[in-house]
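Asks: Mapping of the sequence shown onto the numbering used here: position 110 corresponds to residue 251, and the numbering continues sequentially without gaps. Using N, Cα and C, we set each Cβ at its ideal position, and we do this for glycine too. The structure presented is a predicted model; accordingly, all values stated were derived computationally and were not measured.
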Amino acid sequence: MFKSLIVLLVVLCCVAGGAAQPAPDMTQDARMAWWREARFGLFIHWGLYAIPAGEWKGATGHGEWIMHTAQIPVEEYERFRERFNPVRFDADAWAGLAAEAGMKYIVITSKHHDGFCLFDSKFTDYDVMSTPFKRDIMKELAAAARRRGLRICWYHSIMDWHHPDYLPRRDWERRSAAGADFDRYRAHLKDQVRELLTSYGPIGVMWFDGEWEDTWTHEHGLDLFRLCREIAPNTIVNNRVDKGRAGMAGLTLAGGFAGDFGTPEQEVPPTGLPGVDWETCMTMNNHWGYNARDLDYKSADELIRTLVDVVSKGGNFLLNVGPTAAGEFPPESVERLRAIGAWMRLNGPSIYGTHAGPCAGLPWGRCTQRPLDGGDTRLFLHVFDWPADGRLAVPGIANTPLHCSLLTELDQPAARLIGARRDGDALVLTLRDVEPLPPVTVIALDVRGRPWVIPAPIISAADDVFVDDLAVTARIDGHALKPPDGGDAASVTLRYTTDGSDPVRDSPAVSGPVRLQHTTTLSVRAFRDDAPFSPVARRTFTRVTPRPGIGDASAAAWEPGLAYEYYEGDWQRLPDFDALSPVRRGHADAVSLAPRGRPERFGLRFRGLLRAPKDGVYRLHLRSDDGSRLYVGDELVVDNDGLHVAEERTGVIALAAGLHPITVSYFQRTGEVDLGLAWTPPGEPKAPVPPAALLRSRE
Ligand code: FHN
Numbered sequence: 142m143f144k145s146l147i148v149l150l151v152v153l154c155c156v157a158g159g160a161a162q163p164a165p166d167m168t169q170d171a172r173m174a175w176w177r178e179a180r181f182g183l184f185i186h187w188g189l190y191a192i193p194a195g196e197w198k199g200a201t202g203h204g205e206w207i208m209h210t211a212q213i214p215v216e217e218y219e220r221f222r223e224r225f226n227p228v229r230f231d232a233d234a235w236a237g238l239a240a241e242a243g244m245k246y247i248v249i250t251s252k253h254h255d256g257f258c259l260f261d262s263k264f265t266d267y268d269v270m271s272t273p274f275k276r277d278i279m280k281e282l283a284a285a286a287r288r289r290g291l292r293i294c295w296y297h298s299i300m301d302w303h304h305p306d307y308l309p310r311r312d313w314e315r316r317s318a319a320g321a322d323f324d325r326y327r328a329h330l331k332d333q334v335r336e337l338l339t340s341y342g343p344i345g346v347m348w349f350d351g352e353w354e355d356t357w358t359h360e361h362g363l364d365l366f367r368l369c370r371e372i373a374p375n376t377i378v379n380n381r382v383d384k385g386r387a388g389m390a391g392l393t394l395a396g397g398f399a400g401d402f403g404t405p406e407q408e409v410p411p412t413g414l415p416g417v418d419w420e421t422c423m424t425m426n427n428h429w430g431y432n433a434r435d436l437d438y439k440s441a442d443e444l445i446r447t448l449v450d451v452v453s454k455g456g457n458f459l460l461n462v463g464p465t466a467a468g469e470f471p472p473e474s475v476e477r478l479r480a481i482g483a484w485m486r487l488n489g490p491s492i493y494g495t496h497a498g499p500c501a502g503l504p505w506g507r508c509t510q511r512p513l514d515g516g517d518t519r520l521f522l523h524v525f526d527w528p529a530d531g532r533l534a535v536p537g538i539a540n541t542p543l544h545c546s547l548l549t550e551l552d553q554p555a556a557r558l559i560g561a562r563r564d565g566d567a568l569v570l571t572l573r574d575v576e577p578l579p580p581v582t583v584i585a586l587d588v589r590g591r592p593w594v595i596p597a598p599i600i601s602a603a604d605d606v607f608v609d610d611l612a613v614t615a616r617i618d619g620h621a622l623k624p625p626d627g628g629d630a631a632s633v634t635l636r637y638t639t640d641g642s643d644p645v646r647d648s649p650a651v652s653g654p655v656r657l658q659h660t661t662t663l664s665v666r667a668f669r670d671d672a673p674f675s676p677v678a679r680r681t682f683t684r685v686t687p688r689p690g691i692g693d694a695s696a697a698a699w700e701p702g703l704a705y706e707y708y709e710g711d712w713q714r715l716p717d718f719d720a721l722s723p724v725r726r727g728h729a730d731a732v733s734l735a736p737r738g739r740p741e742r743f744g745l746r747f748r749g750l751l752r753a754p755k756d757g758v759y760r761l762h763l764r765s766d767d768g769s770r771l772y773v774g775d776e777l778v779v780d781n782d783g784l785h786v787a788e789e790r791t792g793v794i795a796l797a798a799g800l801h802p803i804t805v806s807y808f809q810r811t812g813e814v815d816l817g818l819a820w821t822p823p824g825e826p827k828a829p830v831p832p833a834a835l836l837r838s839r840e
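And the structure:
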């Protein structure tokens with residue numbers, strides 16, 4: 142639905158925008174095909190910032206943001222231009238290393254936030270042609286990439302700290318914003334996008350970034366997305382062209398935001414999203430741009446496992462290199478690219494063009510898959526942790542095994558077949574005679590038909606803790622019981638134990654809610670014809686004593702509302718407010734932004750009592766942008782700290798009826814703001830905490 146919505150959106154926008162013709166009829170699947178096949182690309186962050194290499198006036202922790210983080214005025218930063226002369230730059234060497242690593246596309250910074258262009262732009266002289274180097278790096282790299290069969294792609298920053306019309310200025314700058322015209326900047330941005338998409342041959346991806354400031358709007362994003370589609374309908378555009386990216390988690394929020402794929406950054410989504418294209422971008426060390434001091438590189442083994450993890454969840458992996466001012470990849474990066482390439486040469490078929498595996502949560506590794514002719518399926522089992530007993534269980538697989546061997550022996554006549562037999566719900570492979578190939582050994586397991594994975598049953602209850610008794614239900618996803626290639630759904634019985642042991646065919650059957658009065662580990666498994674047919678689901682429920690209230694505080698001592706303190710400061714995480722002096726104190730009716738004094742760089746702390754109407758388990762929901770925490774007494778119940786978009790975190794605590802001291806701490810750095818507290822009392826629906834439930838001391 143989402144992809145068709147975007148295509149519809151683009152066509153409608155084109156017509157509405159008066160474009161001569163709607164985007165040529167290029168289906169989204171056709172556009173994405175090469176990218177989904179590629180799975181693995183090289184990210185390159187290169188520019189003037191490579192010259193200081195992370196150091197400025199003794200501080201050595203800077204990266205590609207050095208102009209901002211070291212507060213270097215534009216006129217001073219521009220002078221790096223005179224020193225940009227990467228005499229060792231060799232486009233063929235770079236493209237060769239990417240190809241050797243098994244990468245299929247290169248995304249390079251045509252312009253980063255500092256505004257300097259690594260290409261010969263007709264629309265600015267703040268580009269590589271005004272340096273001693275005087276060569277169009279993008280043109281050379283594009284040609285070299287194509288010679289290696291790689292796609293060339295541009296990272297282009299919307300945010301621009303150099304262009305006089307870009308707003309806002311950095312808050313430390315003295316450069317006047319007078320006369321700045323953001324629409325004129327947008328026209329300049331579109332001019333450069335046009336030249337990037339028309340002067341360098343076919344471009345694989347426009348990788349936009351720097352979309353988060355308020356001056357860039359959803360309408361601007363749609364307009365830029367439409368421009369890309371009109372100029373180069375085959376070119377893929379990431380979701381940072383628009384405003385729909387959900388923070389560093391990177392996936393696109395619902396609501397018609399433009400972009401062909403999500404862009405998680407420095408993280409891998411815990412699970413993939415079926416039908417959604419996404420790409421995790423990641424550094425090898427801790428900086429995107431070159432930092433000479435940063436030798437904290439991830440090992441090649443870790444990078445290979447991350448590649449496998451990403452692809453096993455249905456994503457692409459964009460791995461970054463920050464070249465030096467001389468134009469070379471750091472030796473640590475070269476070493477890792479070569480090690481990854483050695484693994485890819487043996488195991489690339491388990492990565493290229495594969496899809497998210499059907500088996501999630503494998504304790505020993507990951508799984509990718511690719512369909513075989515004739516309707517069967519090849520599962521690629523990526524073994525991180527080789528079983529000491531030589532026994533590898535693939536849980537929940539109901540398919541019939543057809544062939545199993547090491548991927549590296551798959552096409553060898555003398556391939557040693559690996560035994561695969563059913564044991565309960567699992568296919569168990571016998572690996573005693575097989576030598577692992579660290580860091581990730583890949584086993585090719587062909588099964589009949591499309592994958593049929595029986596998930597563990599789902600155990601549901603109000604919470605994992607309870608005060609008196611708890612009703613627990615168990616069910617299995619009925620769709621999963623139907624063979625994917627047709628036929629009747631398997632008839633199963635759920636059986637359970639309450640002592641932590643695996644259910645067996647004589648264990649009691651689940652025939653409705655299971656009621657618990659004591660702390661219990663409930664285990665549930667599906668059986669078909671008295672044989673185990675699913676993995677075991679296990680969940681522990683703990684009986685707890687409600688936290689006693691602070692006694693019978695008389696009404697005279699308390700009145701509705703909370704006491705608050707308002708602070709000002711610049712934090713990345715919640716500060717210790719006890720160590721700070723508040724700008725102001727006062728009373729508030731609720732946990733909200735009402736007491737704030739300015740839109741950014743401020744903190745709030747609310748303290749008072751929460752009135753629990755009855756004994757039971759309470760869920761407390763704290764929503765904030767940026768960070769926040771909620772304590773009941775000295776117990777941290779909700780931790781929602783950090784720099785992030787509006788997110789709600791929930792905590793659970795058992796409370797006796799009565800008054801309980803609470804503290805809510807919050808800070809906002811820049812951008813969007815949000816703060817709210819809700820609760821779900823026992824047996825009640827979720828709702829904002831009512832003022833009547835919040836009290837503060839009269840003194
Ligand atoms: O601010 C940039 C950062 O410098 C880098 O380019 C990363 C890579 O995706 N993107 C932004 C931070 O999210």
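So what's residue 508 in DSSP terms, helix, strand or just coil?
Replies: The residue you call residue 508 lines up with position 367 of the sequence shown. In this structure, residue 508 counts as strand in the three-state DSSP scheme.
Asks: Quick one: residues in its chain with C-beta nearer than 8 Å to the C-beta of residue 133, no 5 flanking neighbours on either side, listed in chain order?
Replies: Any answer about residue 133 is impossible in this case: the structure gives the chain only from 142 up to 840.
Asks: Which residue spans inside the region 664–734 form an unbroken beta strand (DSSP E) run of at least 3?
Replies: DSSP runs (the beta strand (DSSP E)) wholly in the region 664–734: 678–684, 699–701, 703–709 and 725–729.
Asks: Give me whichever residues DSSP pairs with residue 402 in a beta bridge.
Replies: Here the question's residue 402 lines up with position 261 in the sequence shown. DSSP, once it has assigned bridges, lists 379 as partnering residue 402.
Asks: Name the two residues that bound the continuous beta strand (DSSP E) containing residue 585.
Replies: Your numbering for residue 585 matches position 444 in the sequence shown. Residue 585 -> beta strand (DSSP E) spans 582–588.
Asks: Taking the alpha carbon of residue 201 as the point to measure from, which residue in 182, 427 and 354 has its own alpha carbon closest?
Replies: Numbered from 1 along the sequence shown, position 60 holds the residue referred to as residue 201. Checked all of 182, 427 and 354; the closest Cα to residue 201 is 427.
Asks: As a quick exercise: from 343, 347, 309 and 332, pick the residue whose alpha carbon is nearest that of residue 353.
Replies: As a working mapping, residue 353 is identified with position 212 in the sequence shown. Considering only alpha carbons, the answer is 309.
Asks: Can you determine whether any heavy atom of ligand 1 sits closer than 7 Å to the C-beta of residue 406, and answer yes or no?
Replies: Numbered from 1 along the sequence shown, position 265 holds the residue referred to as residue 406. Yes; taking the cut-off as 7 Å, the Cβ of residue 406 has a heavy atom of ligand 1 nearer than that.
Asks: In whole angstroms, give me the CA-to-CA distance for residue 736 and residue 790.
Replies: In the sequence shown, the residue the question calls residue 736 occupies position 595. In the sequence shown, the residue the question calls residue 790 occupies position 649. For residue 736 and residue 790, the distance between alpha carbons rounds to 22 Å.
Asks: Using C-beta distances below 6 Å, list every residue in its chain close to residue 612, excluding the 5 sequence neighbours before and after it, in chain order.
Replies: Position 471 of the sequence shown holds residue 612. Only 654 and 656 meet the Cβ criterion.
Asks: Ligand 1 heavy atoms versus the CB of residue 205: any closer than 7 Å?
Replies: Numbered from 1 along the sequence shown, position 64 holds the residue referred to as residue 205. Yes, the Cβ of residue 205 comes within 7 Å of a heavy atom of ligand 1.
Asks: In terms of residues, what are the limits of the beta strand (DSSP E) holding residue 330?
Replies: The count along the sequence shown starts at 1 and reaches residue 330 at position 189. Run containing residue 330: none in the beta strand (DSSP E); it sits in the alpha helix (DSSP H), 323–339.
Asks: From what residue to what residue does the beta strand (DSSP E) around residue 776 run?
Replies: For the purposes of this step, residue 776 is taken as the residue at position 635 of the sequence shown. Segment 776–781, the beta strand (DSSP E) holding residue 776.
Asks: Taking 7 Å as the cut-off, is the CB of residue 362 close to at least one heavy atom of ligand 1?
Replies: Taking the first residue of the sequence shown as 1, we reach residue 362 at position 221. No, the beta carbon of residue 362 sits no closer than 7 Å to any heavy atom of ligand 1.
Asks: If the criterion is Cβ atoms closer than 8 Å, does the pair residue 412 and residue 403 meet it?
Replies: Residue mapping note: residue 412 aligns to position 271 of the sequence shown, counting from 1. Residue mapping note: residue 403 aligns to position 262 of the sequence shown, counting from 1. Not in contact: residue 412 and residue 403 (Cβ atoms no closer than 8 Å).
Asks: Measure from the alpha carbon of residue 824 to the alpha carbon of each residue in 753, 705 and 228, then state which is nearest.
Replies: To locate residue 824, count along the sequence shown from 1; it is residue 683. Among 753, 705 and 228, the Cα nearest to that of residue 824 is on 753.
Asks: Does the Cβ of residue 186 lie closer than 7 Å to at least one heavy atom of ligand 1?
Replies: Along the sequence shown, read from residue 1 onward, the residue named residue 186 stands at position 45. It does: the Cβ of residue 186 is within 7 Å (strictly closer) of some heavy atom of ligand 1.
Asks: Residue 656 CB to nearest chain D CB: under 8 Å?
Replies: Note that chain D does not occur in the displayed structure, where there is just one protein chain.
Asks: Is the closest heavy atom of ligand 1 to the C-beta of residue 254 under 7 Å?
Replies: Your numbering for residue 254 matches position 113 in the sequence shown. Indeed, a heavy atom of ligand 1 lies less than 7 Å from the Cβ.
Asks: Compare the C-alpha of residue 569 against each of 455, 505, 511 and 601 and name the closest.
Replies: The residue given as residue 569 occupies position 428 in the sequence shown. Residue 569 has its Cα closest to that of 505, out of 455, 505, 511 and 601.
Asks: List in chain order: all unbroken beta strand (DSSP E) runs of 3+ residues lying wholly within the region 536–570.
Replies: Correct list: 542–547 and 560–564.
Asks: Could you check whether the region 454–466 touches the region 206–219, counting it as contact only if at least three pairs of C-beta atoms, one from each stretch, sit closer than 8 Å?
Replies: The region 454–466 vs the region 206–219: no contact.
Asks: Report whether the distance from the Cβ of residue 351 to the nearest heavy atom of ligand 1 is below 7 Å.
Replies: Start at 1 with the first residue of the sequence shown, and residue 351 comes out as number 210. Residue 351: yes, Cβ under 7 Å from ligand 1.
Asks: First and last residue of the alpha helix (DSSP H) that includes residue 251?
Replies: To locate residue 251, count along the sequence shown from 1; it is residue 110. First-last for residue 251: 246–252, but that is the beta strand (DSSP E), not the alpha helix (DSSP H).
Asks: Give me, in chain order, the residues of the same chain whose beta-carbon lies closer than 7 Å to that of residue 777; leave out the 5 immediate sequence neighbours on both sides.
Replies: Counting from 1 along the sequence shown, the entry for residue 777 is found at position 636. Closer than 7 Å at Cβ, skipping near neighbours: 770.
Asks: Would you kindly work out how many angstroms separate the C-alpha atoms of residue 829 and residue 410, rounded to a whole number?
Replies: Taking the first residue of the sequence shown as 1, we reach residue 829 at position 688. Taking the first residue of the sequence shown as 1, we reach residue 410 at position 269. Looking at the two C-alpha atoms, the distance is approximately 30 Å.
Asks: With residue 809 as the anchor, note down where its beta strand (DSSP E) starts and where it stops.
Replies: Stepping through the sequence shown from its first residue, residue 809 is reached at position 668. Here the beta strand (DSSP E) through residue 809 covers 799–809.
Asks: When you compare the region 611–628 with the region 469–482, are there three or more beta-carbon pairs, one atom per stretch, that lie closer than 8 Å?
Replies: Segments in contact, no.
Asks: Taking the straight line between their C-alpha atoms, what separation do you get for residue 181 and residue 773?
Replies: Stepping through the sequence shown from its first residue, residue 181 is reached at position 40. Stepping through the sequence shown from its first residue, residue 773 is reached at position 632. Residue 181 and residue 773: Cα-Cα distance of roughly 47 Å.
Asks: Tell me whether residue 429, by its Cβ, gets closer than 7 Å to a heavy atom of ligand 1.
Replies: The count along the sequence shown starts at 1 and reaches residue 429 at position 288. Residue 429: yes, Cβ under 7 Å from ligand 1.
Asks: Compute every distance between the C-beta of residue 508 and the non-hydrogen atoms of ligand 1, then say whether any falls below 7 Å.
Replies: Within the sequence shown, residue 508 is the residue found at index 367, counting from 1. No, Cβ of residue 508 sits at least 7 Å from all heavy atoms of ligand 1.
Asks: Ligand 1 and residue 422: does the residue's C-beta get closer than 7 Å to at least one heavy atom of that ligand?
Replies: For the purposes of this step, residue 422 is taken as residue 281 along the sequence shown, with counting starting at 1. At least one heavy atom of ligand 1 is nearer than 7 Å to the Cβ of residue 422, so yes.
Asks: For a quick check, are the C-beta atoms of residue 269 and residue 468 less than 8 Å apart?
Replies: In the sequence shown, the residue the question calls residue 269 occupies position 128. In the sequence shown, the residue the question calls residue 468 occupies position 327. No.
Asks: So residue 584 and residue 559 are supposed to be a Cβ contact under 8 Å. How far apart are they, rounded?
Replies: Position 443 of the sequence shown, counting from 1, holds the residue named residue 584. Position 418 of the sequence shown, counting from 1, holds the residue named residue 559. With 8 Å as the limit, residue 584 and residue 559 qualify as a contact, their Cβ atoms being about 6 Å apart.
Asks: What do you get for residue 243, buried or exposed, if any count of 16 or more other CB atoms within 10 angstroms of its CB means buried?
Replies: Counted from its first residue, the sequence shown places residue 243 at position 102. Its Cβ being crowded by 16 or more others within 10 Å, residue 243 is buried.
Asks: Roughly how far, in whole angstroms, is the beta-carbon of residue 571 from the beta-carbon of residue 532, given that I think they are within contact range, below 8 Å?
Replies: Your numbering for residue 571 matches position 430 in the sequence shown. Your numbering for residue 532 matches position 391 in the sequence shown. Indeed they touch by this definition, with Cβ atoms about 7 Å apart.
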